[in-house]
Amino acid sequence: MSTQPLRRLSAAEATELALSAPGSACNQCRAFSSPGWSSFPATASAEVLQAVGALWLPGDDEPTQEETPRPTGVDEWSAAAPISLSRRPYNRCEIWSCRHCRLPFLRYTEYGGYYVDSRIRELHAERLVDGI
Ligand SMILES: [Zn+2]
99 MSTQPLRRLS AAEATELALS APGSACNQCR AFSSPGWSSF PATASAEVLQ
149 AVGALWLPGD DEPTQEETPR PTGVDEWSAA APISLSRRPY NRCEIWSCRH
199 CRLPFLRYTE YGGYYVDSRI RELHAERLVD GI
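Numbering (the numbering used here), first residue to last: 99 to 230.
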């Protein structure tokens with residue numbers, strides 16, 4: 099058998115995870131610590147992270163391509179970039195958390211013309227903009 103399919107997470111569940119998260123990364127998950135998107139570190143062991151679920155599963159309808167609006171001067175890599183769980187790229191994210199401190203992380207794979215980039219970003223409640 100192949101790997102377990104990820105559990106579906108609603109935006110409300112993801113928000114709940116963010117609200118109950120510790121404020122910062124612990125020693126175990128510090129290698130992945132990034133308040134804005136960064137490329138998944140190639141040198142760190144991903145063993146410290148466990149899959150919680152996914153906001154989109156294969157077979158679902160294609161989610162909207164609409165991007166999360168950002169304030170002027172804030173790019174998508176910025177730690178200040180808002181997180182809208184219903185818009186790109188967050189509506190295609192998986193959520194993982196640290197096995198030790200439970201800090202949640204968003205993971206997303208960008209398929210470019212000549213590259214595949216696996217990205218990770220801490221999920222912080224104060225960046226969430228859905229429903230506000
Ligand atoms: Zn941790």
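Think of the CB as a built atom: it goes at the ideal place given N, C-alpha and C, for glycine as much as any other residue.
Any non-hydrogen atom of ligand 1 closer than 7 Å to residue i Cβ
i, result
"residue 222", "no"
"residue 126", "yes"
"residue 204", "no"
"residue 199", "yes"
"residue 116", "no"
"residue 191", "no"
"residue 123", "yes"
Candidates the options: closest to residue i by CA position
i, options, result
"residue 164", "188, 141, 156, 104", "188"
"residue 156", "104, 171, 135, 168", "104"
"residue 125", "113, 223, 198, 210", "198"
Presumed contact (8 Å Cβ cut-off) between residue i and residue j, rounded CB distance
i, j, result
"residue 115", "residue 150", "7 Å"
Where the alpha helix (DSSP H) through residue i begins and ends
i, result
"residue 111", "109 to 117"
First and last residue of the uninterrupted beta strand (DSSP E) at residue i
i, result
"residue 218", "214 to 220"
Inter-residue Cα distance where the pair is residue i and residue j
i, j, result
"residue 119", "residue 212", "36 Å"
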